[in-house]
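As structure tokens, the structure follows; a few thoughts come after it.
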Amino acid sequence: MESRKRTHAEDADPVVTKKRAVSNGYGSPTRVNGVATEVDEPKENDELESFRKEAIFRRMKHYSREHERSQHRIEELERRRNACEAGLSAIQACWTQLIDTIRLLVKPEALSSASVDTTGLFDMSTHVDSESSPELEKALQEQMNATRELVASFVQMGSQTRAALSADDMYITCQKARTECTALRSEVQVMRARLEDAESEKENYHSRLVAAENRLERLSSRTIPQSDSRSSAPPEKHTPKEEPVANAPSPTKVKVEDVQMKDESDGQPPTAQHGEASSPTEDTMPNGTGRPSAEEMDDWREIAAMREKEIRRLEEEITALREEQLALAVDQKVPSDETLQKMPLWKAVYQEFSHATWQRSDLEEQLKKAQEEVSELRVKLAEEAEKGNAQVAKIQQEYSNVIAKRDADLVRLREQRDQQAAELSERKHKDSERVAALESEVKRLRTRMAASTGDEDLVAFLFSDESVHGKTYVDELRTRLEEAETKLSALQESLSSLNQEHPDVAQHVQSEAEAREQVAQLSKELEKYRSIYGDASSGSSSDSPGQLREKEEELQKLRLQLKQQTQAESALYTEVEKLSAAWEALDKQVKNKVFDLSALEEKLSRALADRAKIENKFYAAMRDKEAVEFERKSLVRNIEKNGKSMESVIAAEKNLLAQVKLLEGEQAESRKIVQKYGPEIHRLTDQLKDYELKLEAEKTKAAQCKTELKQILDKHYTQQAELRRREEAIRRKEKEVERLQATAQSKLRSLSSQGGAKGKEHEREEELQGEVDKLMSVLKCSTCRQNMRNAVITKCMHSFCKQCVEARISTRQRKCPACNLPFGQQDVQPLYFQ
Amino acid sequence: MSTNCRRRLIRDFKRLSTDPPSGVSGSPCPDNIMLWNAVIFGPADTPFEDGTFRLLLTFDESYPNKPPTVKFLSRMFHPNVYANGELCLDILQNRWSPTYDVAAILTSIQSLLHDPNPNSPANAEAAQLYRENMKEYVRRVKETVEESWLDPEEKERMKQEDAQAASQ
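Chains as they are written, first to last, in this note's numbering: chain B, 228 to 1061; chain A, 29 to 196.
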């Protein structure tokens, strides 16, 4: 179906439309009348059908144009692809050449396994289509790696043979190349962005072009104005005269489209062109009628020339601006070294580098300082530790000496005390023994004395009770006396009682008692005498002198004995005295000893106090010692800490050293990279040259395009000018027509006043009828458009017919049909036209 | 039988034929005045340009106090038109006023075509594309425009041809 339609479109393009327009131009008036008067149904369908056909035809044309455009684009892309392939092959050739030269220069055995297969690339690129571009990229990557290895090995060998290749030069060249590379990259990015912009702009223009084309087609079609403006009084007059005008731009449009295809990249010209191109199409809408007269043509031409001049001026301005833009672009593309140095990126990198070096030196200085400090600290620490140890040892020694001395003193004093105590007890023991001995001697002597005196009782007494002395003895005697007296008294009592009872007897007894007393006295005297003189009764007077002598002798003996005894007694007294003196002496001695002892004890207490003092001192010393120990420990800990910090410092130093090494390695690597990138940069510069060549080719092409564009624009301008001229002519004509109409009407009036033609009157009648209809529509109800307005809603003052308002009320839709304001039954009032 | 409604419809038709608005046309069925066929031409410089969209208007006796039922007969791709052709337009629902006539209805629908309201979507896909992917929206609309040029029987025939081509 599509092909069928398209063939129709192609051959029918310029001719058929014209024919149709002409035929329509003649046929239309009857039709318009028919529309107004005849039955609508068949007519409507016909129109719809023709509109549809036109629409399909226009759409087909649109598609064919799109197709053409696409074909163009495909061709161009094909061409470009060919160019790219050619460039690729050139690069390939260069590459192989480079590798061959390297191979020639380097001994084959020196090269490692960097085998390069260059032949495959071009083949691949010829086969590869756009979809499988990753493959191509991969191949390129492999190629690049292999070549890079090869070149790197080559460069290494070169550097082995002549190491004098100064690194600075290399570095500078590398830096240059790198900056160039970055500049190129940024340029590429800028170009890409611009390309994107241009593409979007192109898209935009394309859509606008399509829209403009469609509009043109619509204008050139016949059915649309019909459907659009059937109501406007004379639509048929426009179509025939519009056709030639509307047909004229179509070929230029096609050319413009071509130009746009070529000028995709520069954005400016299409806008200007299009802006101007769109204005005439808009202007064609309200087409005038008639042709300008010969007199007015000159005026129009002058105006056109003026406008053309203005257009030219604007164009020149545009070209100047474009040149300026190009110059700026060139400036931007080839930046000088200064500009590169001014680049913020370079500056930033340089600053960073300097900052890093400065930091490194700073860190090294810090490291040195730290090391010195650490060694100083170590020395100081060792000295201090020694000093502290010595002091501690000294103090310890001193205190231990003092303690030992004190201990010795204490021991000595204790021994002394024990000795003295022992002596004292010994002495006490001895004295008591002696006293006991003396006492026993005294007792013995007393008993002897008693014996010598012949007092048996006393002796017995003395024997019975050794401890009781003379006093008790006297007491005993007294008790005996008392007993005897009591006995005596008892006897006297009994005697007296007897006396009382028997005075005779008592007298007798008394006399007897006296007698007995006398007897007793006498017996006593007798006894006495007998004891002196012996038993006178039994003894003879002869024996008595002998006995007397014996007794005398014995008495003598006894007296001697007594003397001797007294002498012995005196001797004993002296002895006793002596003993008492000795005792006293001993006592004194004991007292002295006691004094000594108390003195010793005092000394001892003093010594104890001393000892306590010394012990206090000792404890203080111990405490001091502990403090010193603690200090020592803290010092030791400090030492350890310092050692740790030293270790950490040493570790940091090591780290820094490692970093320095690493940085050096990095530097070496970067140098290597620089060496590596050298050839790549060369390659890039080559590419850049290639691109520049291409750019120039593109520029020439663009220049060609521009010239073409200019030609087309010129044509366009001329056409536009013509168009304007015509338009203005049409306006003129319209005015003229109006003028003529006015004159005609005045003539007509004059004629009618004179009783003129009836046909004119008929026309006038019709006019008047129309006016009446309009006024009637104002007076009639806007809801049913049938009855006159005869009710008003007083709330909003909108008026309708009574039936309609009642219908609103009865259907419970109590809102004004015009303004939707709710109203009540009481708001409706009758309306009178009076 | 000429009720208010019918008289009003006849007046509407008269007005539509004497003073037709641009880009719309409509006429009642020959046998039933309560059923109207209408055509809206797609407005120029919009995606609907050149389309000829057919509509069916059904009036009842309460017209003009109640709005008619309007339905597209052509397939439409528009945010405010349902898949069955019914459309979502305020003046055909709660904003209806008896002062509107057929010409006003058709002109409103025409203006709705190039000025859709995606906030009350009847076709969610169309609304989404209108908001987010204008290009695709235009493409889909153009499809419907091209489809609108075909008569229903022609469309059927084409479908059959397509099916045959597919089977071959």
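Think of the CB as a built atom: it goes at the ideal place given N, C-alpha and C, for glycine as much as any other residue.
In this structure, Phe41 of chain A and Pro56 of chain A form a Cβ contact; the two beta carbons are roughly 6 Å apart against a cut-off of 8 Å.
Membership of Ser148 of chain A in any beta strand (DSSP E) is not indicated, and neither H nor E is assigned to it by DSSP.
When the Cα atoms are used, Thr713 of chain B and Leu753 of chain B turn out to be separated by approximately 28 Å. Counting only the Cα atoms, Glu544 of chain B lies some 41 Å from Tyr165 of chain A. Listed along chain A is no residue with a C-beta nearer than 8 Å to that of Pro1049 of chain B; the closest approach is about 13 Å. Excluding its 5 nearest sequence neighbours in each direction, Asp1054 of chain B has C-beta neighbours in its own chain below 7 Å: Ile1020, Thr1021, Lys1022, listed in chain order. Between Asn122 of chain A and Cys116 of chain A, the CB-CB gap reaches or exceeds 7 Å. Counting only the Cα atoms, Lys655 of chain B lies some 17 Å from Leu806 of chain B. Rounded to whole angstroms, the gap between the alpha carbons of Asn865 of chain B and Asn882 of chain B is 25 Å. In the DSSP assignment, His433 of chain B falls outside any beta strand (DSSP E) and within the unbroken alpha helix (DSSP H) covering 394 to 447. The three-state secondary structure of Trp124 of chain A, taken from DSSP, is coil. Judged by beta-carbon spacing, Cys1011 of chain B lies beyond the 7 Å limit of Asn93 of chain A, meaning their Cβ atoms are not closer than that value. For Thr1010 of chain B, the neighbours in chain A by C-beta distance under 9 Å run, in chain order, Arg36, Pro92, Asn93, Ser125, Pro126, Thr127. Secondary structure of Leu665 of chain B (DSSP, three-state): helix. Residues of chain B with a Cβ closer than 9 Å to the Cβ of Arg39 of chain A are, in chain order, Cys1011, Arg1012, Gln1013. Our two residues, Arg185 of chain A and Pro96 of chain A, have alpha carbons roughly 33 Å apart in a direct line. DSSP, reduced to helix, strand and coil, places Phe845 of chain B within a helical segment of the structure shown. Shown here, Asn60 of chain A sits in coil according to DSSP, grouped into three states, outside any helix or strand. When B:Glu642, B:Ala554, B:Glu276, B:Ala583 are compared, the shortest CA-CA separation from Glu828 of chain B is found for B:Glu642. Non-local C-beta neighbours of Leu640 of chain B in its own chain, meaning closer than 8 Å and more than five positions away in sequence, comprise Lys830, Leu831, Ala834, ordered along the chain. In this structure, the straight-line span from the alpha carbon of Arg103 of chain A to that of Ala154 of chain A is close to 13 Å. Among the residues facing chain B, Trp177 of chain A is included, as its CB has a counterpart in that chain under 7 Å away. One thing to note: Leu975 of chain B has its Cβ within 7 Å of the Cβ of Lys987 of chain B. Judged by DSSP secondary structure, Lys99 of chain A falls within the beta strand (DSSP E) whose first and last residues are 97 to 100. The beta carbon of Ser53 of chain A lies closer than 6 Å to those of Val67 in the same chain, with the five residues before and after it left out. The straight-line gap separating the alpha-carbon atoms of Gln1056 of chain B and Ala1018 of chain B is approximately 6 Å. Listed along chain B are Leu275, Phe278, Arg279, Ala282, each with a C-beta nearer than 9 Å to that of Thr80 of chain A.
In the three-state reduction of the DSSP assignment, Glu171 of chain A falls in the helix class. Taking the CA atoms as reference points, Thr801 of chain B sits about 28 Å from Glu653 of chain B. Interface with chain B (7 Å Cβ-Cβ cutoff): Asn60 of chain A is excluded.
Thr1038 of chain B carries a coil assignment under DSSP once its states are collapsed to helix, strand and coil. Approximately 6 Å separates the beta-carbon atoms of Gly51 of chain A and Gln138 of chain A; this is inside 8 Å, confirming the contact.
When the beta-carbon positions are compared, Phe69 of chain A and Thr80 of chain A come within less than 7 Å of each other.
By the neighbour-count criterion, in which 16 or more other beta carbons inside 10 Å mark a residue as buried, Pro1049 of chain B falls on the exposed side.
Taken atom to atom, the span from the alpha-carbon of Met849 of chain B to that of Ile630 of chain B is near 11 Å.
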